[in-house]
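Read in our numbering, the sequence shown has 216 at position 28, and its numbers run on one by one without any break.
Glycine residues also receive a C-beta, built at the ideal position from the N, C-alpha and C atoms.
Here the structure is laid out as structure tokens; the discussion comes afterwards.
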Amino acid sequence: MQDRDGGRRVLARAKTVMPSMVVVWADGGYAGKLVARVDTQCRIALDTARKLKGQRGFGVLPHR
């Protein structure tokens, strides 16, 4: 199972344990349809960290 697919399950379960959770920061690999699904099904805003414009190689990203 890919991380994106497992992420939806993990966040749905986390929301039942911590109903006050409203924002989750994730790696850019969790972008795409998962963001919309988590928003509508779990009511959690999934904010993905992306590389800075022009960045080459490794760099610490905010909220990661």
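The Cβ-Cβ distance between Arg-238 and Gly-216 falls below 8 Å. In the three-state reduction of the DSSP assignment, Leu-199 falls in the helix class. Using a Cβ distance threshold of 8 Å, Leu-234 and Ala-202 do not count as a contacting pair. Per DSSP, Leu-222 is one residue of the alpha helix (DSSP H) stretching across 221 to 225. The distance from the Cβ of Arg-197 to that of Leu-222 is about 11 Å, inconsistent with a contact at the 8 Å cut-off.
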